[in-house]
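With positions in the sequence shown counted from 1, the corresponding number in this note's numbering is that position plus 491.
Note that the Cβ used here is the ideal one computed from N, Cα and C, for glycine as well.
Each remark here refers to the structure printed beneath this line.
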Amino acid sequence: MTLFGVDIQTIYLGSLIIFGCLTVLYLFFGDIMDGISEGIPFFNPTLLLAFIVFLSSSGYVLELVTPMSSTAILLISLAFAFIMSALLHFFVLIPLSSAEESIAFTEESLKGRVGKVIISVPMDGFGEVVIDGKSGMVTRPATSYENKPIPEGTEVLVLEIKDRVLYVIPYDLDSEMSLS
């Protein structure tokens, strides 16, 4: 079958190459497109490009290996592209969009951890504490749990977290050892 004087197999192959290249470019420059298409919430360029790539690739392969009519191949390719795009959307894109940005730690995992004061915590005020972990260092604003000043360089124990602020008390490992 020909369309506009061009063999349908050539159209499938050409669209596969063009939209395959556009998909690769979208991987590199996708953030720009996300900003441009932000006003259209139902438009997802990833799904559109994937749909066309699935359609053209299945159409090209079916034109090569089957003796079916081009209309039947187009319908089968449309169904295949729709199913594959739906699977991509529900099993890859939605879980990725709802994934936490950083899986290194959660706020709750900071409770009970020992950190070091890097900006003094005044009475009735806020300072800053750094907590060293396996995935790197985390700094958070902190205030004294007992409402007492804590000087810079003091090791502290995180007791509570409210509104991303750590409530800490001084932590002295030597006094802990002498009690046991």
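Reduced DSSP category for residue i - H, G, I as helix; E, B as strand; rest coil
i, result
"E598", "coil"
"Y636", "coil"
"Y658", "strand"
"G644", "coil"
"T630", "strand"
"D522", "helix"
"G624", "strand"
"G606", "strand"
Closest Cα partner of residue i within the set the options
i, options, result
"P613", "V605, K639, I652 and T597", "K639"
"I499", "L538, G550 and G521", "G550"
"L579", "T501, N535 and L650", "N535"
"D623", "V647, G616 and S611", "V647"
"T597", "G616, I574, S626 and M575", "S626"
"I610", "L601, P632, T493 and E599", "P632"
"I660", "T557, G606 and T630", "G606"
Check whether residue i and residue j have beta carbons under 7 Å apart
i, j, result
"V544", "F510", "yes"
"L518", "L540", "no"
"I634", "V608", "Residue identity differs from the one stated: residue 634 is Thr in this sequence, not Ile. No; because the gap between Cβ atoms is not below 7 Å, this pair is not in contact."
"F683", "A570", "Residue 683 is absent from the structure shown; the chain starts at 492 and stops at 671."
"I564", "L555", "no"
"S561", "M492", "yes"
CB-CB length for residue i against residue j, believed under 8 Å
i, j, result
"G618", "I652", "Not confirmed; about 15 Å, so no contact."
"Y636", "Y662", "With a Cβ gap of about 11 Å, Y636 and Y662 do not count as contacting."
"L507", "S548", "5 Å"
"T537", "L584", "6 Å"
"V621", "M628", "5 Å"
"V649", "G603", "7 Å"
Residues bridged to residue i (per DSSP)
i, result
"D498", "T493"
"D615", "In the DSSP output, where bridge partners are listed per residue, D615 has none listed."
Test: residue i CB closer than 7 Å to a CB of chain C
i, result
"A577", "No chain C is present in this structure, which holds just one protein chain."
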